[in-house]
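Student: Dropping a structure here in structure tokens format, bear with me for questions.
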Amino acid sequence: MPPSIDVVIVAYGRYQLTDSCLRHLRAQTVAHRVILVDNGSTDDTRARVRAEWPDVHVESFDENRGFAEACNRGVAAGSGEVVVLLNNDVDARPDFLERLVAPLAQDAQVGSVAALMLQPGERLIDSAGLVADGALGCFPRLQGLDAAAAGQARPVLAGPAGTAAAYRRSAWEQVGGLDEAIFAYMEDFDLALRLRSAGWRAALASDAVGVHLGSATHGHRSAWQRRHGGFGRGYLVRRYGLLRGRSAPRTLATETVVVLADLLFSRDLAALRGRLAGWRAGRSAPRLARPPAAAVDRTITFRDSLAMRRGVYGRRAA
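Just so you know, the numbering used here puts the end of the sequence shown at 686, numbered straight through with nothing missing.
Printed below as a string of structure tokens:
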């Protein structure tokens, strides 16, 4: 018997994206329940979903409470054995859900599954899950490579990207879901690491394919995006103790280069301010255990990680 599936979508305005996402979900080959969390939209998204999609369960906030809190609210509103997080700017192929949940049924030790997200045009990979380097830097796995490269083993899969991810509900509940201290960006990576530390495996369903429009809500490399991305990084650096022990020199060098490069290209201190705010927020949070070796690709060099931050995989993906 196939598992019951809750698909949780977070929307913040841009109704046309949500409508397209829901239309693609309506064509899926397996039964599922859709839970949409309206995260403080200032347009008519909430009213239109309720009017035009009566089978969709709607949860809502009067103001934007962040991706993590909105996802947790949506997951709590359901009871499916499998939770699928799906960005509202993703158009999924008809067999997407069927393919995405299959690894969970095949292996009881798998707690999360990554999908294959393609860029518009469906030729290049947007992500095939997430990868972590030795300093727990996070990168969209295989980003920018031809779609045919999706099945390769390197770099090592750390876990799914929140853009499109399946989680065993029991695994999700064991680790407490997404960390609501992170407003946006890095919360999916943190969850992936905590699941791996708890003993759950991660899998890639390379045949579960969707098209991701990418940064459609807040804009690519906006100050908002870079500040919140910086917050998540600073928060995790402190919680994982990355400025102590053998990882400290590489972590410090990485953050210095990234902040200086952001200042050079963007001419503001959004990345630095975000990291400092995240560092301060991590002070009162419990320290997290480093993830197991199987979740980290230590063959990624410092130079490689800088290239991947620019979306250039080069020899690391070969």
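Using N, Cα and C, we set each Cβ at its ideal position, and we do this for glycine too.
Keep in mind the model is a prediction, meaning the values are calculated, not measured.
#1: Quick one, which of 466, 526, 529, 646 has its alpha-carbon nearest residue 395's?
#2: Would you be able to state if there are at least three C-beta pairs under 8 Å between the stretch 522-540 and the stretch 488-501?
#3: Using beta-carbon positions only, say whether residue 563 and residue 543 come within less than 7 Å of one another.
#4: Here's the rule: buried if 16 or more other CB atoms are within 10 angstroms of the residue's CB, otherwise exposed. What is residue 583?
#5: Starting from residue 440, follow the alpha helix (DSSP H) in both directions and report where the run begins and ends.
#6: What would DSSP say about residue 587, mapped onto helix, strand or coil?
#7: Going by the beta-carbon positions, is the gap between residue 431 and residue 405 smaller than 7 Å?
#8: Are the beta-carbon atoms of residue 493 and residue 513 separated by less than 7 Å?
#9: Kindly indicate which residue of 412, 382, 538 has the alpha-carbon position closest to the one of residue 371.
#10: According to the neighbour-count rule (16 or more other Cβ atoms, all chains shown, within 10 Å of its Cβ), is residue 593 buried or exposed?
#11: Among residues of its own chain, excluding the 5 on either side of residue 587, which ones have a beta-carbon nearer than 8 Å to its beta-carbon?
#12: Does residue 551 come out as helix, strand or coil in the three-state DSSP assignment?
#13: When you compare each of 648, 400, 385, 663 to residue 376 by their alpha carbons, which one comes out closest?
#14: Short check: CB of residue 532 to CB of residue 581, under 7 Å?
#15: Which whole-angstrom value describes the C-beta separation of residue 673 and residue 624, a residue pair presumed to lie in contact below a C-beta threshold of 8 Å?
#16: Count the other CB atoms, across all protein chains shown, that sit within 10 Å of the CB of residue 613; report buried if there are 16 or more and exposed otherwise.
#17: Near residue 536, which residues of its chain fall below 6 Å by C-beta distance, leaving aside the five closest residues on each side in sequence?
#18: Going straight from the alpha carbon of residue 398 to that of residue 463, what length do you get?
#19: Looking only at DSSP bridge pairs, what is residue 557 linked to?
#20: Using 8 Å as the cut-off, can you tell me whether the stretch 374-390 makes contact with the stretch 405-420, which would need three or more C-beta pairs spanning the two stretches below that distance?
#21: At a Cβ threshold of 7 Å, is residue 561 touching chain C?
#22: Quick check on the DSSP output: what are the complete alpha helix (DSSP H) runs of length 4 or more inside the stretch 481-559, in order along the chain?
#23: Out of curiosity, what's the CA-to-CA distance linking residue 565 and residue 657?
#24: Could you give the distance in angstroms between the alpha-carbon of residue 609 and the alpha-carbon of residue 615?
#25: Look at the alpha carbon of residue 548 and the alpha carbon of residue 541, and state the distance between them as a whole number of angstroms.
#26: Hey, would you say the C-beta of residue 390 is under 6 Å away from at least one heavy atom of the ligand FMN?
#27: Considering only their Cβ atoms, is the gap separating residue 591 from residue 629 smaller than 7 Å?
#28: Rounded to whole angstroms, what's the CA-CA distance from residue 641 to residue 504? Just pull it up for me.
#29: Report yes if the C-beta distance between residue 484 and residue 574 is below 7 Å; otherwise report no.
#30: Assign residue 585 to buried or exposed, taking buried as 16 or more other Cβ atoms, counted over all protein chains shown, within 10 Å of its Cβ.
#31: According to DSSP, simplified to helix, strand and coil, what is residue 655?
Tutor: Once the coordinates are examined:
#1: As a first step, residue 395 must be located in the sequence shown, where it is residue number 27. Minimum Cα distance to residue 395 is reached at 466.
#2: yes
#3: Numbered from 1 along the sequence shown, position 195 holds the residue referred to as residue 563. Numbered from 1 along the sequence shown, position 175 holds the residue referred to as residue 543. Result yes, Cβ atoms of residue 563 and residue 543 sit closer than 7 Å.
#4: Numbered from its first residue, the sequence shown carries residue 583 at position 215. Bear in mind that the predicted position of residue 583 carries a pLDDT of just 49, short of 50, making it too unreliable to give a figure here.
#5: As a first step, residue 440 must be located in the sequence shown, where it is residue number 72. From DSSP, the alpha helix (DSSP H) with residue 440 extends over 435-444.
#6: To locate residue 587, count along the sequence shown from 1; it is residue 219. A caution first: residue 587 carries a pLDDT of 45, below 50, which makes its placement in the model unreliable, though a value can still be read off. Residue state, collapsed to three classes: coil.
#7: Position 63 of the sequence shown holds residue 431. Position 37 of the sequence shown holds residue 405. Not closer than 7 Å, so no.
#8: Indexing the sequence shown from 1 puts residue 493 at position 125. Indexing the sequence shown from 1 puts residue 513 at position 145. A contact, by the Cβ cut-off of 7 Å.
#9: Stepping through the sequence shown from its first residue, residue 371 is reached at position 3. Nearest of 412, 382, 538 to residue 371, Cα basis: 538.
#10: The residue you call residue 593 lines up with position 225 of the sequence shown. Sixteen is the threshold: when 16 or more other Cβ atoms of the shown chains lie within 10 Å of the Cβ of residue 593, as they do, the residue is buried.
#11: In the sequence shown, the residue the question calls residue 587 occupies position 219. Since pLDDT at residue 587 reaches only 45, below the 50 mark, its modelled position is unreliable, and no value is offered.
#12: Looking up residue 551 in the sequence shown gives position 183. DSSP places residue 551 outside both helix and strand once states are collapsed to three, so it counts as coil.
#13: Stepping through the sequence shown from its first residue, residue 376 is reached at position 8. For residue 376, the nearest C-alpha among the options comes from 400.
#14: By one-based count along the sequence shown, residue 532 stands at place 164. By one-based count along the sequence shown, residue 581 stands at place 213. Result no, Cβ atoms of residue 532 and residue 581 do not sit closer than 7 Å.
#15: For the purposes of this step, residue 673 is identified with residue 305 of the sequence shown, where counting begins at 1. For the purposes of this step, residue 624 is identified with residue 256 of the sequence shown, where counting begins at 1. That belief does not hold up - the Cβ atoms of residue 673 and residue 624 are roughly 13 Å apart, past 8 Å.
#16: Reading the sequence shown from its first residue, position 245 is the one you call residue 613. With fewer than 16 other Cβ atoms within 10 Å, it is exposed.
#17: Residue numbering aside, residue 536 sits at position 168 when the sequence shown is read from its first letter. Taken in chain order, the residues that qualify are 472, 479.
#18: Locating residue 398 in the sequence shown gives position 30, where the first residue counts as 1. Locating residue 463 in the sequence shown gives position 95, where the first residue counts as 1. Looking at the two C-alpha atoms, the distance is approximately 8 Å.
#19: Taking the sequence shown and counting its residues from 1, one reaches residue 557 at position 189. In DSSP, residue 557 forms no bridge with anything.
#20: yes
#21: This model lacks chain C altogether, as it is built from one protein chain only.
#22: 537-543
#23: Taking the sequence shown and counting its residues from 1, one reaches residue 565 at position 197. Taking the sequence shown and counting its residues from 1, one reaches residue 657 at position 289. Between residue 565 and residue 657, the C-alpha separation is close to 7 Å.
#24: Here the question's residue 609 lines up with position 241 in the sequence shown. Here the question's residue 615 lines up with position 247 in the sequence shown. Their backbone Cα atoms lie some 9 Å apart in a straight line.
#25: As a first step, residue 548 is located in the sequence shown; it is residue number 180 there, counting from the start. As a first step, residue 541 is located in the sequence shown; it is residue number 173 there, counting from the start. The alpha-carbon atoms of residue 548 and residue 541 are separated by roughly 14 Å.
#26: Among the ligands in the structure shown, none appear at all, so the ligand FMN cannot be discussed.
#27: On the sequence shown, position 261 is the one that residue 629 refers to. On the sequence shown, position 223 is the one that residue 591 refers to. No; because the gap between Cβ atoms is not below 7 Å, this pair is not in contact.
#28: Counting from one through the sequence shown, the residue named residue 641 turns up at place 273. Counting from one through the sequence shown, the residue named residue 504 turns up at place 136. So the two alpha carbons sit approximately 20 Å from each other.
#29: As a working mapping, residue 484 is identified with position 116 in the sequence shown. As a working mapping, residue 574 is identified with position 206 in the sequence shown. Yes, the Cβ-Cβ distance between residue 484 and residue 574 is below 7 Å.
#30: Position 217 of the sequence shown, counting from 1, holds the residue named residue 585. Here the model assigns residue 585 a pLDDT of 44, short of 50, so the residue's position is not dependable and the matter cannot be decided.
#31: On the sequence shown, residue 655 is found 287 positions in, with the first residue counted as 1. It is coil, neither helix nor strand.
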